[in-house]
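Comments concern the structure below.
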Ligand code: NAP
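Numbering (our numbering), first residue to last: 59 to 316.
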């Protein structure tokens, strides 16, 4: 077991739910917390806001759509901490089959208490029910691979561009389909962790923050950003002896059926 410093990282930490998650982690996580943002100035402004509250996040630039940016972050984490312990994918998850991004395993090298939280949305549950039986069967499969999932997501984009997505069995919401993708990818990654790295006890889950008053959620949503951060932070800080949840979709701190 290593004695390196623990580190937690939040994507899209400069505003909305990501900012609230970062603030709560700064208060509750025993190691360092890295606020990341795709825009350096917006990220630094958010860091300053938390510093004014007496908190001490670090900052690193990260655009989740830019493999170069991810590599730079990976190098920073490995140099400064030797790995990563808690990752909150708040801003989404990208896949780059052609550009070959760094392996995700690299980030979780030598962790003592690995936790991954992928922020999805409960909206994907209704969207999944609206998919054709064939698509539902694929998304609900216990053996679907990441490559197959990427293929399905690419097909949705192509079907949407051609205006045939509904005829091809897709729901009429690109946002909801991306959240089906995030949730299924979480299940695939959790399964891989169980198969290949069981001894590392890394717990990975997808969750819904609820309807939250942010730029995205709008002013009429029921929750404050702080309330929206509760379930993601709960999953990020599952105690060292926790054996689950793992590979689940969690809402209001409760596992929801898939
Ligand atoms: P938001 O207020 O729109 O904030 C989105 C954050 O993501 C911003 O910090 C934004 O950075 C960042 N971001 C966008 N693209 C990025 C990229 N390519 N690389 C890095 N960062 C990027 O959204 P929110 O309401 O806080 O939502 C956060 C998460 O919760 C999302 O995954 C959303 O789908 C999910 N969610 C939200 C609600 C809700 O009611 N709000 C409900 C269910 C699920 P910039 O400032 O640079 O744009």
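Backbone N, C-alpha and C fix where the C-beta goes; we use that ideal spot for every residue, glycine too.
One or two residues paired with residue i in a DSSP bridge
i	result
residue 90	65
residue 266	309
residue 173	144 and 261
residue 281	270
residue 116	92
C-alpha distance - residue i paired with residue j, whole-angstrom precision
i	j	result
residue 144	residue 70	15 Å
residue 127	residue 120	6 Å
residue 219	residue 109	45 Å
residue 299	residue 178	25 Å
residue 95	residue 111	19 Å
residue 310	residue 250	26 Å
residue 231	residue 185	8 Å
residue 187	residue 63	44 Å
residue 130	residue 281	35 Å
residue 124	residue 152	9 Å
residue 207	residue 229	16 Å
residue 182	residue 139	35 Å
Proximity test, residue i beta-carbon vs ligand 1 heavy atom, cut-off 8 Å
i	result
residue 268	yes
residue 366	The chain is shown only over 59 to 316; residue 366 falls outside these bounds and no answer can be derived.
residue 220	no
residue 77	yes
residue 292	no
residue 80	no
residue 278	no
residue 229	no
residue 178	yes
residue 173	no
residue 234	no
residue 263	no
residue 72	yes
residue 237	yes
Does the pairing of the segment 247–265 with the segment 205–213 give three or more beta-carbon distances under 8 Å? no
Does the count of Cβ pairs from the segment 267–280 and the segment 189–202 closer than 8 Å reach three? no
Three CB pairs or more closer than 8 Å across the segment 287–302 and the segment 133–150: yes
On the three-pair Cβ rule with 8 Å, is the segment 261–269 touching the segment 230–248? yes
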